[in-house]
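Let me begin by presenting the structure, written as structure tokens, before commenting on it.
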Amino acid sequence: MSKTLRIDPVTRVEGHLAVDTHVENGRVAEARVAGRMYRGFEQLLVGRHPVDAARITQRICGICHEVHGIAASIALEDLYGIVPSNNGLILRDLILGLHLVTDHIFHFYQLTLPDYLDFSRLDSYRGSDEGVLKLARLLKSSAGTFSQKGPVDAPADNAATLEMALGYAEAVRVRKMAASGLASLGGKVPFCHAILPGGVTTGVTSDRLMNYARALEVTSRFIRGSYLPHALALATFFPDYFEIGRSHGNFYANGGFSLVAGTPLFKPGVFLGDRGPGEIKLTNISEVEDASFRVSPGPDGENPAAYSWVKALHYDGVSMEVGPLARMVVSQNVGFRQRLKGFRQPQVKSSVMARILARACEADIICRYLLELLGTYRANEPTIHSPDMLAKPSGDGYGMSLAARGALNHQVTAVDGKVVRYRLQVPSAWNFGPTARGQLGTVEAALVGTPLKSASSSGKDSVEVGRIIRSFDPCLACAIH
Ligand code: NFE
Numbered sequence: 000m001s002k003t004l005r006i007d008p009v010t011r012v013e014g015h016l017a018v019d020t021h022v023e024n025g026r027v028a029e030a031r032v033a034g035r036m037y038r039g040f041e042q043l044l045v046g047r048h049p050v051d052a053a054r055i056t057q058r059i060c061g062i063c064h065e066v067h068g069i070a071a072s073i074a075l076e077d078l079y080g081i082v083p084s085n086n087g088l089i090l091r092d093l094i095l096g097l098h099l100v101t102d103h104i105f106h107f108y109q110l111t112l113p114d115y116l117d118f119s120r121l122d123s124y125r126g127s128d129e130g131v132l133k134l135a136r137l138l139k140s141s142a143g144t145f146s147q148k149g150p151v152d153a154p155a156d157n158a159a160t161l162e163m164a165l166g167y168a169e170a171v172r173v174r175k176m177a178a179s180g181l182a183s184l185g186g187k188v189p190f191c192h193a194i195l196p197g198g199v200t201t202g203v204t205s206d207r208l209m210n211y212a213r214a215l216e217v218t219s220r221f222i223r224g225s226y227l228p229h230a231l232a233l234a235t236f237f238p239d240y241f242e243i244g245r246s247h248g249n250f251y252a253n254g255g256f257s258l259v260a261g262t263p264l265f266k267p268g269v270f271l272g273d274r275g276p277g278e279i280k281l282t283n284i285s286e287v288e289d290a291s292f293r294v295s296p297g298p299d300g301e302n303p304a305a306y307s308w309v310k311a312l313h314y315d316g317v318s319m320e321v322g323p324l325a326r327m328v329v330s331q332n333v334g335f336r337q338r339l340k341g342f343r344q345p346q347v348k349s350s351v352m353a354r355i356l357a358r359a360c361e362a363d364i365i366c367r368y369l370l371e372l373l374g375t376y377r378a379n380e381p382t383i384h385s386p387d388m389l390a391k392p393s394g395d396g397y398g399m400s401l402a403a404r405g406a407l408n409h410q411v412t413a414v415d416g417k418v419v420r421y422r423l424q425v426p427s428a429w430n431f432g433p434t435a436r437g438q439l440g441t442v443e444a445a446l447v448g449t450p451l452k453s454a455s456s457s458g459k460d461s462v463e464v465g466r467i468i469r470s471f472d473p474c475l476a477c478a479i480h
């Protein structure tokens, strides 16, 4: 017995993601994951002043806005040969870190929980939290946006569902507060215009720092009091998901957040299946376009094997998983390992639930780092060492950074002060790339072999497929260039 399941577009995702799975005897036998909307930021930067990249690339995405400005700035510092100011580095980490954790909060409450919980139970809510009441009203009036009944395997625990719904409502308020903290350091949110090569242009006064400190305090309290316990509770309700959604077992992570201890909180490196850990060699990263559409078809026309606008990113010839789980694996984070010990399958390996828990643990780890980092800011020292905007550099610049969804690399090549080539190696391209050179893409590999209990008779829907895809927190707006 075989059938094809098509999810197109996948909802609650930025950009256009389509997933086809061929199911045989109740298991996913084949999977194709495709980005269907061309963006083209690599092309539109060609011919421009290099520093434009810091502003323009931020507009790639409305979700991870700050990260592209930061990665571009690091690449431009390399190109211009400038050393950023210490305060600028501190402000950059404060912005990046708080942005990252609020992105994780959003992913868990607004994007993930609707796949697991039956929010129709909110009918029994007798409290007065305006956010929960709004969510209950939204559910009643929005057939098609949320499943009205929730998935069949939703926990029957009313109290836990209501508590997480309270978390859902509180998450919206926390993100608003955090955005205000980010704006006080970055000028505005989204698309902080203060992030430029050499540091951050904002005149950071004590009231701006205080506003950030308040936002950070509220956010970290929410992470410790709600997000982390709720993520652990979800794992207790769905332990099978430690065995579902396993990819190739290859991980790639850039390092980051080294200003407090002098060594990175998250180490850079790779973990290659049976070969184990290793250092990153940039020459091992390749962009493979065998199965990707071309902007300008060659003389022999469009590539008939193409099915996605996303390019495949390979490391040493294999597909890699990136994201918070990759950062935990590469760094061999002890706290994360200990948290997993309470579960039936304690190994740290690629799975839906390990990804969800890695995000929550990472949010807690980053908040603790930011609280320490904040005290190292030195008033009266410069926040930026600006590049000479009239210089006409020629050469390459490489910016290795991190985003909520994983490692982020920007590469700029300039000739006589103009960009001639710009390459973006983005987390969702690492994870959502197509099959190329015989290698299934990372998410495709995570789907193949999955037993489907819940494929609907219409052949249109499967909870397991949706949960696997969403555990990677896709963003196709970022992935396609
Ligand atoms: Ni558009 Fe992004 C992040 C980047 S995604 S969300 O995080 O870079 O791949």
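Just so you know, we're using numbering that gives the first Met the number 0 here: the sequence shown kicks off at 0 and counts up by one. The C-beta atom is built at its ideal place from N, Cα and C for all residues, glycine as well. All values reported here derive from a predicted model rather than from experimental measurement.
Round the Cβ separation of residue i and residue j to the nearest angstrom and send it over; I've been treating them as touching at under 8 Å.
i, j, result
"residue 237", "residue 352", "6 Å"
"residue 489", "residue 382", "Examination of residue 489 is not possible in this model, given that the chain is present from 0 through 480 alone."
"residue 214", "residue 372", "Incorrect: roughly 14 Å between the Cβ atoms, too far for contact."
"residue 36", "residue 429", "Actually they are not in contact, since the Cβ atoms of residue 36 and residue 429 sit about 18 Å apart, beyond 8 Å."
"residue 246", "residue 210", "So it is not a contact: roughly 40 Å between Cβ atoms."
"residue 197", "residue 83", "5 Å"
Is it the case that the CB of residue i approaches a heavy atom of the ligand NFE more closely than 7 Å?
i, result
"residue 361", "no"
"residue 407", "yes"
"residue 284", "no"
"residue 478", "yes"
"residue 481", "As displayed, the chain neither begins before 0 nor continues past 480, which places residue 481 out of reach and without an answer."
"residue 21", "no"
"residue 13", "yes"
"residue 404", "yes"
"residue 98", "no"
"residue 62", "yes"
"residue 433", "no"
"residue 106", "no"
"residue 442", "no"
"residue 427", "yes"
"residue 67", "yes"
"residue 474", "yes"
Please report how far the alpha carbon of residue i lies from the alpha carbon of residue j, in whole angstroms.
i, j, result
"residue 456", "residue 140", "Below a pLDDT of 50, predicted positions are generally treated as unreliable, and residue 456, at 48, falls in that range; the measurement from the model is reported next regardless. Taking the straight line from one Cα to the other gives about 25 Å."
"residue 43", "residue 49", "12 Å"
"residue 405", "residue 411", "20 Å"
"residue 131", "residue 125", "10 Å"
"residue 53", "residue 195", "6 Å"
"residue 217", "residue 176", "8 Å"
"residue 103", "residue 362", "7 Å"
"residue 45", "residue 357", "37 Å"
"residue 226", "residue 296", "47 Å"
"residue 521", "residue 2", "Since the first and last residues shown for the chain are 0 and 480, residue 521 lies out of range."
"residue 462", "residue 274", "33 Å"
"residue 390", "residue 397", "18 Å"
"residue 438", "residue 70", "28 Å"
"residue 268", "residue 331", "11 Å"
"residue 263", "residue 95", "14 Å"
"residue 10", "residue 310", "22 Å"
"residue 395", "residue 433", "28 Å"
"residue 22", "residue 251", "30 Å"
"residue 212", "residue 370", "8 Å"
"residue 88", "residue 475", "29 Å"
"residue 286", "residue 426", "13 Å"
"residue 342", "residue 186", "43 Å"
"residue 364", "residue 174", "18 Å"
"residue 360", "residue 303", "43 Å"
Would you say residue i faces chain C, with C-beta separation under 8 Å as the test?
i, result
"residue 448", "Any reference to chain C falls outside this structure, which holds one protein chain only."
Sort out for me which residues DSSP pairs residue i with in a bridge.
i, result
"residue 399", "408"
"residue 23", "1 and 26"
"residue 421", "411"
"residue 13", "474"
"residue 438", "435"
"residue 6", "18"
"residue 45", "Paired residues: none, contrary to the question."
"residue 199", "194"
"residue 307", "291"
"residue 383", "198"
"residue 394", "413"
**Asked** What beta strand (DSSP E) runs, 3 residues minimum, are completely inside the stretch 50 to 117?
**Response** For the stretch 50 to 117, not a single whole beta strand (DSSP E) run of length 3 or above is found.
**Request:** Tell me the start and end of each unbroken alpha helix (DSSP H) in the stretch 310 to 346 that is at least 4 residues and wholly inside, in chain order.
**Result:** If we require 4 residues or more, the alpha helix (DSSP H) runs fully inside the stretch 310 to 346 come out as 323 to 330 and 333 to 339.
**Message:** Extract the residue ranges of the beta strand (DSSP E) inside the stretch 224 to 295, only unbroken runs of 3 or more that lie entirely within it.
**Reply:** Taking 3 residues as the minimum length, the beta strand (DSSP E) runs contained wholly in the stretch 224 to 295 are 249 to 252, 268 to 271, 275 to 277 and 284 to 287, in order along the chain.
**Request:** Only counting runs of 4 or more residues, tell me where the alpha helix (DSSP H) segments fall wholly within the stretch 147 to 190, in order along the chain.
**Result:** Runs found: 157 to 185.
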